[in-house]
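Everything on this sheet refers to the single structure shown next.
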Amino acid sequence: MPTSDNATTYNIGNREPKLIGGLNNSLTYKNFNLSFLLDYRIGGDIYNGTDYAMTLNGLSMRTLERDELTLSGVVNTGTAAAPVYEDKTFTFNANESYLVSGAQTSGKKIIQDYWGVHYIKESANFMTKTNWLRLRTVSVSYDFGNSLLKKSNVSKVIKGLTATLTGTNLWLLTNYKGLDPEASAAGSGVTGSSSVGIDYNGVPSTAGVTFGVNLKF
Numbered sequence: 035m036p037t038s039d040n041a042t043t044y045n046i047g048n049r050e051p052k053l054i055g056g057l058n059n060s061l062t063y064k065n066f067n068l069s070f071l072l073d074y075r076i077g078g079d080i081y082n083g084t085d086y087a088m089t090l091n092g093l094s095m096r097t098l099e100r101d102e103l104t105l106s107g108v109v110n111t112g113t114a115a116a117p118v119y120e121d122k123t124f125t126f127n128a129n130e131s132y133l134v135s136g137a138q139t140s141g142k143k144i145i146q147d148y149w150g151v152h153y154i155k156e157s158a159n160f161m162t163k164t165n166w167l168r169l170r171t172v173s174v175s176y177d178f179g180n181s182l183l184k185k186s187n188v189s190k191v192i193k194g195l196t197a198t199l200t201g202t203n204l205w206l207l208t209n210y211k212g213l214d215p216e217a218s219a220a221g222s223g224v225t226g227s228s229s230v231g232i233d234y235n236g237v238p239s240t241a242g243v244t245f246g247v248n249l250k251f
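Using my numbering, read the sequence shown as starting at 35 and increasing by one per residue.
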């Protein structure tokens, strides 16, 4: 099993990105206008606490296979003063028992403890150096113009009419496997910088579509 030196903490990542930026553009053709905002982030580590919690409670896909567990690592065949490490592979079956530290232990418990005790201790298992490209907003509008308004009597009251359809957070390209790389564990001031870089059972950014009409009198 993985071992721990029981140290309090180690620095295993940096949540600050190497580069952030965006592209904002607006294109017009006749009475149509298309505008969009793309933003991107390169680098910066994110701790997937949601994956941690799911692994701890047996809800992660990695814990789906519970009948058998195969581990590869090293064992010390020498002494503490003069260790000799050899590569070893062990397979544990849930329906068998094994001698562990002088006590008979069921394979089912060994498999459960591996995911719920040993695996989750290594926080690096849940760290991702993250990049993303996000379509933050996209908007299409149409200006009906004065010519349409002049065809009716409303032109005496309404001087301009524009209809707009806007979408937010409609597309995301990222290597992050969690819900949303922008999720944070808590509000402003908690754990520093609003807990950015810590995704712990957070709620992803909401995608939405709105329609609006702008009237000028």
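In this text, a Cβ means the ideal position worked out from N, Cα and C, and glycines have one as well. Since we're looking at a predicted model, the values are computed, not measured.
Within its chain, find whatever has a CB closer than 8 Å to the CB of Val247; leave out the 5 residues flanking it on each side and keep chain order. Residue 247 sits at position 213 when you count from the first residue of the sequence shown. The answer, listed in chain order, is Leu195, Thr196, Ala197, Thr198.
Between the CA atoms of Ser135 and Thr111 - distance to the nearest angstrom = Locating residue 111 in the sequence shown gives position 77, where the first residue counts as 1. Locating residue 135 in the sequence shown gives position 101, where the first residue counts as 1. Roughly 15 Å separates the two Cα atoms.
Return the residue from the list Gly83, Arg100, Lys155, Gln138 that minimises the CA-CA distance to Val234.
-> Stepping through the sequence shown from its first residue, residue 234 is reached at position 200. As written in the sequence, residue 234 is Tyr, which differs from the Val given in the question. Looking at the Cα atoms, Gly83 is the closest of the given residues.
First through last residue of the beta strand (DSSP E) which encompasses Ile76:
In the sequence shown, counting from the first residue as 1, residue 76 sits at position 42. Where Ile76 is concerned, the enclosing beta strand (DSSP E) stretches over 66 to 82.
Practice prompt. Say whether chain B places a C-beta atom closer than 7 Å to the C-beta of Asn127.
Written response: Absence of chain B from the displayed structure is noted, only one protein chain being present.
Q | Gly231 burial status per 10 Å Cβ neighbour count (16 or more: buried) | A | Residue mapping note: residue 231 aligns to position 197 of the sequence shown, counting from 1. Flag for Gly231 reads buried.
Exercise. Between which two residues does the beta strand (DSSP E) containing Lys163 stretch?
Worked result: Walking along the sequence shown from the start, residue 163 turns up at place 129. 161 to 177 is the span of the beta strand (DSSP E), which, as asked, contains Lys163.
Inset, instruction - Between the Cα of Glu50 and those of Ile80, Ser38, Leu71, spot the shortest distance and give me the residue it belongs to. - result: Counting from 1 along the sequence shown, the entry for residue 50 is found at position 16. Of the candidates Ile80, Ser38, Leu71, the one whose C-alpha sits nearest the C-alpha of Glu50 is Ile80.
Q) Three-state secondary structure (DSSP) at Leu61? A) For this step, residue 61 is matched to residue 27 along the sequence shown. Three-state result, Leu61: strand.
When the Cα of Leu72 is compared with those of Phe66, Ser60, Gly56, which residue comes out closest? Numbered from its first residue, the sequence shown carries residue 72 at position 38. When only C-alpha atoms are compared, the closest one is Gly56.
How would you label Ala217, buried or exposed, when you count the other beta carbons within 10 angstroms and need 16 or more for buried?
Residue mapping note: residue 217 aligns to position 183 of the sequence shown, counting from 1. Label assigned to Ala217: buried.
Touch test, the region 60 to 78 against the region 163 to 181, Cβ-Cβ under 8 Å, three pairs minimum:
yes
Practice problem: Report the rounded CA-to-CA distance for Leu249 versus Gly150, giving the unit in angstroms. | Solution: If you number the sequence shown from 1, residue 249 lands on position 215. If you number the sequence shown from 1, residue 150 lands on position 116. Taking the straight line from one Cα to the other gives about 60 Å.
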